Amino acid sequence: MVMVKVVFDVLFFSPLVDGGHRAVIFDRVRGVQDVVVGEGTHFLIPWIQKPIIFDCRSRPRNVPVITGSKDLQNVNITLRILFRPVAAQLPRIFTSLGEDYDERVLPSITTEILKSVVVRTMQQLVPVVLL
Numbered sequence: 068m069v070m071v072k073v074v075f076d077v078l079f080f081s082p083l084v085d086g087g088h089r090a091v092i093f094d095r096v097r098g099v100q101d102v103v104v105g106e107g108t109h110f111l112i113p114w115i116q117k118p119i120i121f122d123c124r125s126r127p128r129n130v131p132v133i134t135g136s137k138d139l140q141n142v143n144i145t146l147r148i149l150f151r152p153v154a155a156q157l158p159r160i161f162t163s164l165g166e167d168y169d170e171r172v173l174p175s176i177t178t179e180i181l182k183s184v185v186v187r188t189m190q191q192l193v194p195v196v197l198l
């Protein structure tokens, strides 16, 4: 009976980290560990440790932005960005931002950068007439 329990725990509580993914281990006793676990099968203490798996491959994201130009016209732009997290920083990303870090960080950064690029481009395209 004990042997069946051990085999069950090893088979179902050993996380398989797929290629291009990394895992951060959350320990109920010590919290988030600073070690990032790579690809493969890893042994965990059942009910004590839990893997949080992150996708570390480059992923595209489309961000639509409506911004105003200098001459008060609305400009509709869709920005496509490729992003991926730095694998060594995953414990810090998880503790400070959570698993949905991309939903929290990317929209604000892309909106601000895109607005500054539109303003700079409009300054170059619209000639200034001095009287």
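Counted the way our numbering counts, the sequence shown spans residues 68 to 198. Built from N, CA and C at the ideal position, the CB exists for glycine as well. The model shown is predicted, which means the values in this text are computed figures rather than measured ones.
- With contacts defined by Cβ atoms closer than 7 Å, L181 and L146 form a contacting pair.
- For F150, there is no enclosing alpha helix (DSSP H); the residue is part of the beta strand (DSSP E) that begins and ends at 141 to 150.
- When only Cα atoms are considered, N143 and S163 end up about 32 Å apart.
- No Cβ-Cβ contact shorter than 7 Å links I119 with V84.
- Between the alpha carbons of M189 and P158 lies a gap of roughly 41 Å.
- For F121, the three-state secondary structure derived from DSSP is strand.
- Going by C-alpha positions, L149 is about 5 Å away from R126.
- Counting only residues of its own chain and dropping the five nearest sequence neighbours on each side, G86 has a CB closer than 6 Å to the CB of E106.
- The shortest C-alpha to C-alpha distance from V132 to any of Q156, Q100, T177 is the one to T177.
- Where R159 is concerned, the enclosing alpha helix (DSSP H) starts and stops at 157 to 163.
- Here F110 is not near R89, since their CB atoms are 7 Å or more apart.
- Your pair Q116 and D94 checks out as a contact, with CB atoms roughly 5 Å apart and the cut at 8 Å.
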